[in-house]
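Protein chains in written order, with the working numbering: chain A, 6 to 502; chain B, 6 to 502; chain C, 445 to 599. Using N, Cα and C, we set each Cβ at its ideal position, and we do this for glycine too. Everything below concerns the one structure shown next.
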Ligand SMILES: [Ca+2]
Ligand SMILES: [Ca+2]
């Protein structure tokens, strides 16, 4: 019989080289498109993850809250847009909707507060914009692009990862391309197996926006030059800013914590950095192996599922995904092993969270302290703040990573242990700074010392009553009353000159 | 096709049913015996483990010290025989020699201080003794059995794990047999795969000696009734003693720490408890799979290697051991993965160690404190001591476990994080008990607060000069001068009536 | 033990000669087929484990050389002759390694065979990884399973 040789499929589509609309791909790849549309299902959770976009700090029932919650998120991000709204991620088809709807971006003003860089990981429109504006793009006004966008056609899609004509995998992300270059690598020479993870590394990584003193303003950069682990990244950030603040000279600073006055770093979704030296990453198991398992849609040819989601949503899914490599194990067993790691990670994550809160409070008390201070008071406060910065960054590394530890159990737990140590050191320095006069106020359960902030948003910050409702909120400035000007891809309020 | 099931060959030896001498097996199993003698090689280390019996608290060069050391072991065990001598384990053929030579047993007196229970895991003579003395055996005088023993013929050997006539695997350990029974299990019904770990569970487990108020005195018991994890075991010990000490009523107590006056628990080699729910244990990979790989001693037929040691001593060894399952990986890669876990575990182990030391010191200072005390001073000291007990038990769990975390990475790191938390709570309570008056003395590097004790032994404790050489040693009683009465299997001093 | 060692050796030598003969002269259909089957490969105690596992796998109905030799033609004959001669030689005169690992030649041949049988369903899959068994790690010898389930002394 004459059977075709199996080989990497390379296609000759009839699409334009600069095609970026998702719908354009539908006709030629109906099966792929069908799996792509499955990303619209945002109704199912697993034990520790899943796709319902609840508020991650709220404890309780779906849809707004969940049984595994991190009650102090708003406290820990006080003064930073993340404290206004942060939800569980859902499928790629929602990326643009969620970006254009999130309260982190200031929709009450003509100035978004955050730069256009935010589009980087949400739409293949980036290909056009980067072509057109080059490095000027990043600092342009975010709102000015809203009206160009179609929520479905322009959400993360085919052109983000594929050459529209050959369908070969490609990297469209500027920061990834450049980060690889700085490390002497080039994705154009990567193996197929590497590409099956690199396409994800375009987005599922920690990033920061370049300080304008050091290059094109607000350009996204991946902080990998000294290595991809939290210790390396912390070091890296030491000279990537232009602050002249004593003790933090030259540090990169995402924001200054409103309550403890600490120059902070925010970590976002370091999946790739967590995975790469874990049990699977080190063994060459790619993101796509687990998140894009082969499926037989027409009962014949296998295609890569384009429903990027938790593999643990059903026994069938586990069987088809994990089961190909772990064929001797049952889905229940495999799920049990994931949860085994996640339980332990989650418990330590909450301990680290609590200690970070305690550290901010300790510095708050020390800064408000009016009694006799030791000679080295100022140094001690700086030391305490430096440890807060580090402890919270390490906590956030695991908090922001989306597998609750599974992508790399040992690294997740190590990072949390270190976070706890740094935060405890912060507490120690802060107590020392007041000759332990403030120590009694830090005794006992953290819930009794600092209450979790449940509600907070841009709208609420326009109300003095709200700012009076929690001692920590008192550190925030009252925002002028205002109504929504922008939402999704539309102007919803009057234009102001 | 007709291939036999994978069942271990059953033999008909000409040995007596109660044969226990190792030499008796040599003739019929010369190849096995040859691998058994390989246990005599005690010259090679790996990165974190190996067989050179150095002193585990000494940092430096072999043979006495090693690059990975735990400098505070003698401090943490102050007042307990383990502080006199504790070395890295070597091969089974040394078990009896090391037992009869160790300074933990009082060789300067006619009373060993430790019961005959210690023989349980060192010699197949146990089969005879249990037969003859039953539960009277355990509390009998340890020294009284020395002269019966041949160091080679009676060290851990064939009869410990095999029926001498059929060579079927068997359990000769009383505490294992009974622990299984209490859990409704019976090794006589265990599968071949289970037996390949259970024979090791006879010894490579945490144990304690029964309090005489609760059953036969000094009988060895495995504390598994509530589960095999550190939290379960800590709970278990809460009502296995007869102390009336306030706050610790009914607790099992191994010894009272000389410096902080804390009722302590000692953990010993919980390999089995660590492994059973780790990545390998849960997947059914047995101890023997990794520590008794098959070898073709005559170049042809396979036999189980009886050289129980680290699989990482050479690339060939990794290939024949790990390579049975991970044939797709190179020895270097596999070793790298083990070390990846071990590095992280070791770092956290040292942090946990330091915090345990700090906790003892904090309570020492609080107990010596003469200033004004809060009303709840006594409760605070008890609370601090309870956390010391727990924190150090959790540290010891990983410290005493011999794989430096590899047998279960997530559990090892979780246990250490918890240890650190409990010890920190102890410090907090102790500082509270003095209204923070003692807090300044606990600031800074632990090495500057409490020096590691490098030398300590029964002989040294007979010298006042030695006891004066470190503040912590001052808490120990001076021992009367005495010379060795016993060593190895011989009386070396005069008989005293 | 079932077979006296001396007798085994003689038998194997004979088989070895047969194989080598087959390689040199081109094989009669019958011996070519017979020497593909688990029954033949399993006549060697060293091969018991792999026969045992293969017989419990979804591929139980295949013969060993559906995977382990190139499909048909002179290439198959040459490959078998070489592999067979080596197996027999090692078994009779040489030291067998503690753990038998596949040679690169075997890996390549096996992978070709996976692809040949499963082409229709694998058009898109092909070389996502270096080999099919990078994903299908248990096919067909259960290489990640506990030793007690597949390996035993004396084989
Ligand atoms: Ca960041
Ligand atoms: Ca114990």
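Cα-Cα separation, residue i to residue j
{"i": "residue 19 of chain B", "j": "residue 124 of chain B", "result": "28 Å"}
{"i": "residue 440 of chain A", "j": "residue 378 of chain A", "result": "7 Å"}
{"i": "residue 353 of chain B", "j": "residue 62 of chain A", "result": "29 Å"}
{"i": "residue 330 of chain A", "j": "residue 582 of chain C", "result": "7 Å"}
{"i": "residue 321 of chain A", "j": "residue 339 of chain B", "result": "31 Å"}
{"i": "residue 34 of chain B", "j": "residue 205 of chain A", "result": "57 Å"}
{"i": "residue 23 of chain B", "j": "residue 312 of chain B", "result": "24 Å"}
{"i": "residue 394 of chain B", "j": "residue 421 of chain B", "result": "14 Å"}
{"i": "residue 359 of chain B", "j": "residue 76 of chain B", "result": "9 Å"}
{"i": "residue 491 of chain A", "j": "residue 112 of chain A", "result": "5 Å"}
{"i": "residue 85 of chain A", "j": "residue 272 of chain A", "result": "13 Å"}
{"i": "residue 234 of chain B", "j": "residue 147 of chain B", "result": "31 Å"}
{"i": "residue 587 of chain C", "j": "residue 451 of chain B", "result": "49 Å"}
{"i": "residue 190 of chain A", "j": "residue 469 of chain A", "result": "53 Å"}
{"i": "residue 255 of chain B", "j": "residue 141 of chain B", "result": "24 Å"}
{"i": "residue 560 of chain C", "j": "residue 300 of chain A", "result": "20 Å"}
{"i": "residue 172 of chain A", "j": "residue 27 of chain A", "result": "13 Å"}
{"i": "residue 592 of chain C", "j": "residue 287 of chain B", "result": "15 Å"}
{"i": "residue 31 of chain A", "j": "residue 38 of chain A", "result": "6 Å"}
{"i": "residue 502 of chain C", "j": "residue 551 of chain C", "result": "19 Å"}
{"i": "residue 495 of chain B", "j": "residue 156 of chain B", "result": "11 Å"}
{"i": "residue 305 of chain A", "j": "residue 567 of chain C", "result": "10 Å"}
Reference residue i, options the options, closest by Cα
{"i": "residue 52 of chain B", "options": "B:237, B:337, B:81", "result": "B:337"}
{"i": "residue 42 of chain A", "options": "A:310, A:205, A:238, A:221", "result": "A:310"}
{"i": "residue 316 of chain A", "options": "A:91, A:187, A:54", "result": "A:54"}
{"i": "residue 427 of chain B", "options": "B:236, B:68, B:465", "result": "B:236"}
{"i": "residue 448 of chain B", "options": "A:72, A:451, A:433", "result": "A:433"}
{"i": "residue 276 of chain B", "options": "B:327, B:225, B:401", "result": "B:401"}
{"i": "residue 214 of chain B", "options": "B:326, B:118, B:403", "result": "B:118"}
{"i": "residue 131 of chain A", "options": "A:165, A:141, A:109, A:245", "result": "A:165"}
{"i": "residue 13 of chain B", "options": "B:307, B:444, B:83", "result": "B:307"}
{"i": "residue 180 of chain A", "options": "A:196, A:150, A:454, A:223", "result": "A:223"}
{"i": "residue 188 of chain A", "options": "A:197, A:225, A:232, A:194", "result": "A:232"}
{"i": "residue 481 of chain C", "options": "C:596, C:496, C:509", "result": "C:509"}
Cβ-Cβ distance between residue i and residue j below 9 Å
{"i": "residue 241 of chain A", "j": "residue 230 of chain A", "result": "yes"}
{"i": "residue 431 of chain A", "j": "residue 332 of chain A", "result": "no"}
{"i": "residue 558 of chain C", "j": "residue 577 of chain C", "result": "yes"}
{"i": "residue 219 of chain A", "j": "residue 201 of chain A", "result": "no"}
{"i": "residue 260 of chain B", "j": "residue 369 of chain B", "result": "no"}
{"i": "residue 403 of chain A", "j": "residue 410 of chain A", "result": "yes"}
{"i": "residue 569 of chain C", "j": "residue 514 of chain C", "result": "no"}
{"i": "residue 253 of chain B", "j": "residue 216 of chain B", "result": "no"}
{"i": "residue 386 of chain B", "j": "residue 438 of chain B", "result": "yes"}
inquiry  = Does the contact criterion of 3 or more C-beta pairs under 8 Å hold for the segment 90-106 of chain B versus the segment 126-141 of chain B?
reply    = Three or more beta-carbon pairs separated by less than 8 Å link the segment 90-106 of chain B to the segment 126-141 of chain B, which places the two stretches in contact.
ask   = Looking at chain C, which residues of the segment 191-222 of chain A have a Cβ within less than 8 Å of any of its Cβ atoms?
value = 197, 198, 201: these are the residues of the segment 191-222 of chain A whose beta carbon lies less than 8 Å from some beta carbon of chain C, given in chain order.
key: Meets three-Cβ-pair contact criterion under 8 Å: the segment 257-270 of chain B and the segment 292-311 of chain B   = Judged by pairs of C-beta atoms under 8 Å, the segment 257-270 of chain B does not touch the segment 292-311 of chain B, as fewer than three such pairs exist.
request  = Check distances from the C-beta atoms of the segment 348-361 of chain B to those of chain A and list, in chain order, the residues that come in under 7 Å.
outcome  = Listed by position along the chain: 349, 353, 356.
ask   = For the segment 402-420 of chain B, which residues have a beta carbon sitting closer than 7 Å to at least one beta carbon of chain A?
value = Within the segment 402-420 of chain B, the qualifying residues are 414, 415, 418, 419.
ask   = Are there three or more Cβ pairs, one per stretch, closer than 8 Å when the segment 143-160 of chain A is compared with the segment 90-101 of chain A?
value = Three or more beta-carbon pairs separated by less than 8 Å link the segment 143-160 of chain A to the segment 90-101 of chain A, which places the two stretches in contact.
ask   = Just by C-beta distance, which residues in the segment 299-324 of chain A are closer than 8 Å to chain C?
value = Within the segment 299-324 of chain A, the residues whose Cβ lies closer than 8 Å to some Cβ of chain C are 299, 301, 305, 306, 307, 308, 309, listed in chain order.
request  = Mind checking the segment 28-41 of chain B against chain C and listing, in chain order, the residues whose C-beta falls within less than 9 Å of any C-beta there?
outcome  = So nothing in the stretch comes that close.
query = If you measure beta-carbon to beta-carbon, which residues of the segment 557-570 of chain C are closer than 7 Å to chain A?
reply = From the segment 557-570 of chain C, only 559, 563, 564, 565, 566, 567, 568, 569, 570 have a Cβ closer than 7 Å to chain A.
inquiry  = Can you pull out the residues from the segment 334-346 of chain A whose beta carbon lies closer than 9 Å to at least one beta carbon of chain B?
reply    = Answer in chain order: 334, 338, 341, 342, 345, 346.
request  = Give, in chain order, every residue of the segment 574-590 of chain C whose Cβ lies closer than 8 Å to some Cβ of chain B.
outcome  = Going along the segment 574-590 of chain C in chain order, one finds 577, 578, 581, 587, 588, 589, 590 with a Cβ nearer than 8 Å to chain B.
request  = May I ask you to list, following chain order, the residues of the segment 66-92 of chain B that have a beta carbon less than 7 Å from some beta carbon of chain A?
outcome  = Those would be none; no residue qualifies.
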